[in-house]
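**Q**
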């Protein structure tokens, strides 16, 4: 049986300790992530979606519980060390890229992620053919703008670059934090399709927060629904494939009852 890459075991995150406002924003979460999982995550505002990503990334310390990577306890591992196996793309296209650096310079920077970088020649020209190939898969003209400052790109191109930078070293876990939400509908769908193609082609393990029910149904092999810091549904395989939009909406209606 396949072993999980990453595990959250009975995770609790409590805020406002010792006050009348004390609350568990993560409430005994258990989640096992397996190689090749593409998990779409749904939940209303305040359900705990971003908190979940911040726990996985190490940005928020947990109150109780255990976090495992390949069975090894990494509960207290720093954010910086977790970047060796984890990448994240945020909702804002301006995050994750250096605006005054060119597309090629940003890609070179991300390729050196986690490595020692001393003073010396970047050998940028030697990478240009490879970067052209890498950017061409996004099907949005990014390959023709390798020498363009990132700050001058369209929102869709800049977010596509953020995605490529996050995946260029094929992280063990990729977190997509509503990465298409700030884009217009057509650009959002184009990036989502390119995202799915790359995840599938490169056999990446990914968790994606989305507010789009159609995307949650269309993409991925698992669907997780969060409510008040708890996982209320975790659906995979044929059950997910056969799930209808109406049934998915009923999950949220049940939560409101």
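Numbering (the numbering used here), first residue to last: 3 to 259. Where a beta carbon is used, it is the ideal one built from N, C-alpha and C, also for glycine.
In the DSSP assignment, the alpha helix (DSSP H) including residue 59 goes from what residue to what residue?
**A** The sequence position of residue 59 within the chain shown is 57, counting from 1. Its alpha helix (DSSP H) spans residues 51 to 59.
**Q** Taking the runs of the beta strand (DSSP E) that are 3 residues or longer, which of them lie wholly in the region 30 to 114?
**A** 40 to 44, 66 to 71, 88 to 91
**Q** Use the C-beta contact count for residue 153: other C-beta atoms within 10 angstroms, 16 or more gives buried, fewer gives exposed.
**A** In the chain shown, the residue the question calls residue 153 occupies position 151. The residue in question, residue 153, is exposed, as its Cβ has fewer than 16 Cβ neighbours within 10 Å.
**Q** Would you kindly report the start and end of the unbroken beta strand (DSSP E) that includes residue 232?
**A** Taking the first residue of the chain shown as 1, we reach residue 232 at position 230. 232 to 238 is the span of the beta strand (DSSP E), which, as asked, contains residue 232.
**Q** Please confirm whether residue 264 and residue 15 have their CB atoms less than 8 Å apart.
**A** In this structure the chain extends from 3 to 259, so residue 264 is not present and cannot be described.
**Q** Note down, in chain order, each residue of its chain lying with its Cβ closer than 8 Å to the Cβ of residue 52, except the 5 sequence neighbours on either side.
**A** Within the chain shown, the letter at position 50 stands for residue 52. The residues are 179, 211.
**Q** Report the residue ranges of all beta strand (DSSP E) runs contained in full by the region 185 to 215; include only those spanning at least 3 residues, in chain order.
**A** 208 to 211
**Q** With a Cβ-Cβ cutoff of 8 Å, do residue 184 and residue 143 count as a contact?
**A** Here residue 184 refers to the residue found at position 182 of the chain shown. Here residue 143 refers to the residue found at position 141 of the chain shown. Not in contact: residue 184 and residue 143 (Cβ atoms no closer than 8 Å).
**Q** Excluding sequence positions up to five away, which residues of its chain have a Cβ less than 8 Å from the Cβ of residue 11?
**A** Along the chain shown, read from residue 1 onward, the residue named residue 11 stands at position 9. Closer than 8 Å at Cβ, skipping near neighbours: 32, 67, 68, 69, 70.
**Q** According to DSSP, which residues form a beta bridge with residue 175?
**A** On the chain shown, position 173 is the one that residue 175 refers to. Paired residues: 88.
**Q** Give the secondary structure of residue 180 by DSSP, where H, G and I count as helix, E and B as strand, and everything else as coil.
**A** The residue given as residue 180 occupies position 178 in the chain shown. In this structure, residue 180 counts as coil in the three-state DSSP scheme.
**Q** In this structure, how does DSSP classify residue 147 when only helix, strand and coil are distinguished?
**A** By 1-based counting over the chain shown, the position of residue 147 is 145. Reduced to three states, the DSSP call for residue 147 is coil.
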